[in-house]
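Chains as they are written, first to last, in our numbering: chain A, 1 to 216; chain B, 217 to 493.
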């Protein structure tokens, strides 16, 4: 019986400790995010990558809590796999702890830097660094390293001081060299091997302008 | 006189069974490419965009009529001139083979007008073939695969919206027609020099392969190399660069037209000098 009580105290202690390990400011932001159950918005996408030329594209998105975000467009669009989760639901989906890295100035703004470390193997995220705008209770920027999809960084801009959903998001990502099947290429397409080698890994950027939010 | 000669040449051209075989061959190749793309196109696109798919979702269909038109443009740019060169050179080599030139000369036909009518008949046939290819490809490609954005790899991955892709493909066909006329004109001139069909076909194929090889070669000759004919035969491809260098493409096509006129003049001069008997 004594052992059982001891075990219960131990479990309770661990749980309490875990709860204390999540930053309070992040919890405030999380609760603001959690209040959003559903939203739809219009997107304007501008891709900036050294080896991809694409005109500005337009799409609309629909987010429902707990479901995959849906996108629709009249023409072909390229959407980043990561970075469109404006509500950070994937980040908060699995248990995690946070480590306070102090205050920094980013884009002339004072931000609180936090490392978010998942405590569950199910999470695809390996490590996230969040830059919190504590005053306005929202995330200013993030750098997220995933287990399968590389590292990407997000920078958010908001339309006003109260907004929790951004009006502009810049997603920076690393991308491996292009592997082009020979039968796809034109007969006179030159393969500049030197350039191809130099292009092993490149960073790209996609700028999303988000408008016409309809939040439920 | 000239018009009558031209009409006769066109009549003779379409009376030849090899002309119809050539038309059937071009359409068959087109059909094979479309069928292959129907079954393998998605796989090719997956390979092309493999590493992009690690970072991006794609919304929309890239395996569409525009991509098919682009693939057909690429694939036929060796087969098509070869077939056209064989048909065009026959306009003159068949006359040598059958001895019909002598009969024509006995009827006081002007040698210059006769050979010019053959060059013009070949030009009209080439334009007709390109129009036929373009019309059938457009109908089949858009009918089966629909429209959509075009993705092209030319050093960079270039994406074009559907309407822009259509315009670029039309311009590429127009520019490509000039290249085809260049090759068919050369084949007639080769026919004038060589007289025999088989020899002319081999020489035509060799010329085509040589042009293709020289297109990729880089001798470092600057402007001379820039306007060397093999470098001008692929201007159509430049319509798929993201920023179209319109002036440069127009200049290239103009220079190629000068080459065509030069080849016609050389052929005409040699034909006039030749002893038909």
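Beta carbons are placed, not taken as given, at the ideal position from N, Cα and C, and that holds for glycine.
Counterpart residues of residue i in DSSP-defined beta bridges
i, result
"residue 90 of chain A", "Answer by DSSP bridge pairing: none, since residue 90 of chain A is not bridged."
"residue 210 of chain A", "A/43"
"residue 110 of chain A", "A/105"
"residue 204 of chain A", "A/49 and A/173"
"residue 99 of chain A", "A/115"
"residue 154 of chain A", "A/142 and A/171"
"residue 58 of chain A", "A/44"
"residue 130 of chain A", "A/114 and A/142"
"residue 226 of chain B", "Looking at the DSSP assignment, residue 226 of chain B forms no beta bridge with any residue, so it has no partner."
"residue 72 of chain A", "A/60"
"residue 79 of chain A", "B/273"
"residue 38 of chain A", "A/64"
"residue 215 of chain A", "A/39"
Rounded C-alpha distance that separates residue i from residue j
i, j, result
"residue 500 of chain B", "residue 127 of chain A", "Lying before the first or after the last residue shown, residue 500 of chain B is absent from chain B, which here runs from 217 to 493."
"residue 305 of chain B", "residue 263 of chain B", "41 Å"
"residue 383 of chain B", "residue 363 of chain B", "13 Å"
"residue 261 of chain B", "residue 450 of chain B", "24 Å"
"residue 76 of chain A", "residue 375 of chain B", "9 Å"
"residue 438 of chain B", "residue 101 of chain A", "59 Å"
"residue 80 of chain A", "residue 392 of chain B", "37 Å"
"residue 491 of chain B", "residue 318 of chain B", "10 Å"
"residue 341 of chain B", "residue 225 of chain B", "11 Å"
"residue 144 of chain A", "residue 153 of chain A", "6 Å"
"residue 188 of chain A", "residue 445 of chain B", "Confidence is the limiting factor: at residue 188 of chain A the pLDDT is only 46, short of 50, which leaves the residue's position unreliable and the question unanswerable from this model."
"residue 113 of chain A", "residue 150 of chain A", "21 Å"
"residue 202 of chain A", "residue 40 of chain A", "32 Å"
"residue 303 of chain B", "residue 238 of chain B", "7 Å"
"residue 64 of chain A", "residue 164 of chain A", "16 Å"
"residue 291 of chain B", "residue 248 of chain B", "11 Å"
"residue 251 of chain B", "residue 367 of chain B", "20 Å"
"residue 105 of chain A", "residue 358 of chain B", "54 Å"
"residue 408 of chain B", "residue 401 of chain B", "11 Å"
"residue 51 of chain A", "residue 370 of chain B", "10 Å"
"residue 121 of chain A", "residue 98 of chain A", "16 Å"
"residue 256 of chain B", "residue 312 of chain B", "46 Å"
"residue 280 of chain B", "residue 173 of chain A", "28 Å"
"residue 338 of chain B", "residue 421 of chain B", "17 Å"
"residue 223 of chain B", "residue 351 of chain B", "24 Å"
"residue 388 of chain B", "residue 478 of chain B", "24 Å"
"residue 307 of chain B", "residue 474 of chain B", "23 Å"
"residue 46 of chain A", "residue 403 of chain B", "49 Å"
"residue 468 of chain B", "residue 295 of chain B", "23 Å"
"residue 69 of chain A", "residue 293 of chain B", "44 Å"
"residue 161 of chain A", "residue 365 of chain B", "39 Å"
"residue 355 of chain B", "residue 111 of chain A", "59 Å"
"residue 395 of chain B", "residue 157 of chain A", "52 Å"
"residue 231 of chain B", "residue 314 of chain B", "15 Å"
"residue 95 of chain A", "residue 119 of chain A", "6 Å"
"residue 373 of chain B", "residue 447 of chain B", "23 Å"
"residue 497 of chain B", "residue 85 of chain A", "No information on residue 497 of chain B is available, as it lies outside the stretch 217 to 493 that chain B covers here."
"residue 347 of chain B", "residue 377 of chain B", "24 Å"
Residue i: CB within 8 Å of a non-hydrogen atom of the ligand NAP
i, result
"residue 273 of chain B", "Ligands in the displayed structure: none, and consequently the ligand NAP is not present."
Amino acids of chain D, ordered along the chain, whose beta-carbon sits closer than 8 Å to that of residue i
i, result
"residue 468 of chain B", "Among the protein chains of the structure shown, namely A and B, there is no chain D."
Worksheet entry | Residues, ordered as in the chain, of the stretch 77-102 of chain A that lie near chain B by beta-carbon distance below 7 Å | 77, 78, 79, 80 and 81
Worksheet entry | Contacting positions in the stretch 223-257 of chain B - beta carbon closer than 7 Å to chain A | none
Fill in: Contacting positions in the stretch 130-164 of chain A - beta carbon closer than 9 Å to chain B
148, 149, 150 and 152
Worksheet entry | 3-residue-minimum beta strand (DSSP E) runs that sit fully inside the stretch 324-386 of chain B, ordered along the chain | 366-370 and 372-376
Practice prompt. Examine the Cβ distances between the stretch 161-175 of chain A and the stretch 201-210 of chain A and report whether three or more of them are shorter than 8 Å.
Written response: yes
Worksheet item: For the stretch 369-390 of chain B, which residues have a beta carbon sitting closer than 9 Å to at least one beta carbon of chain A?
Response: 369, 370, 371, 372, 373, 374, 375, 376, 377, 378 and 380
Discussion item. Using a Cβ distance threshold of 8 Å, determine whether the stretch 417-435 of chain B contacts the stretch 321-340 of chain B, with at least three qualifying pairs required.
Written reply: no
Worksheet item: Between the stretch 83-97 of chain A and the stretch 23-43 of chain A, do three or more beta carbon pairs fall short of 8 Å?
Response: yes
Worksheet item: On the three-pair Cβ rule with 8 Å, is the stretch 59-79 of chain A touching the stretch 265-284 of chain B?
Response: yes
Worksheet item: If contact means a Cβ-Cβ distance below 9 Å, which residues of the stretch 333-354 of chain B contact chain A?
Response: none
Practice prompt. Jot down the residue ranges of each uninterrupted alpha helix (DSSP H) in the stretch 254-325 of chain B, minimum 4 residues, whole runs only, in chain order.
Written response: 266-269, 281-314 and 316-322
Worksheet entry | Against chain A: residues of the stretch 268-279 of chain B by CB proximity under 8 Å | 268, 270, 271, 272, 273, 274, 275, 276, 277 and 278
Practice prompt. Residues of the stretch 204-215 of chain A with a CB closer than 7 Å to any CB of chain B: list them in chain order, please.
Written response: none
Fill in: beta strand (DSSP E) segments (min. 3 residues) lying fully within the stretch 402-476 of chain B
none
Worksheet item: Closer than 7 Å, Cβ to any Cβ of chain B: which residues of the stretch 22-50 of chain A, in chain order?
Response: none
Practice prompt. Compile a chain-ordered list of the residues in the stretch 442-465 of chain B whose CB is closer than 7 Å to at least one CB of chain A.
Written response: 450, 453 and 458
Practice prompt. Taking only beta carbons into account, state which residues of the stretch 50-69 of chain A come closer than 7 Å to chain B, listed in chain order.
Written response: 51, 52, 53, 54, 55 and 59
Worksheet item: Using Cβ-Cβ distances below 9 Å, what residues of the stretch 106-131 of chain A are close to chain B?
Response: none
Discussion item. Residues of the stretch 310-336 of chain B in Cβ contact with chain A at a cutoff of 9 Å, in chain order, please.
Written reply: none
Worksheet item: Closer than 9 Å, Cβ to any Cβ of chain A: which residues of the stretch 403-431 of chain B, in chain order?
Response: 428 and 431
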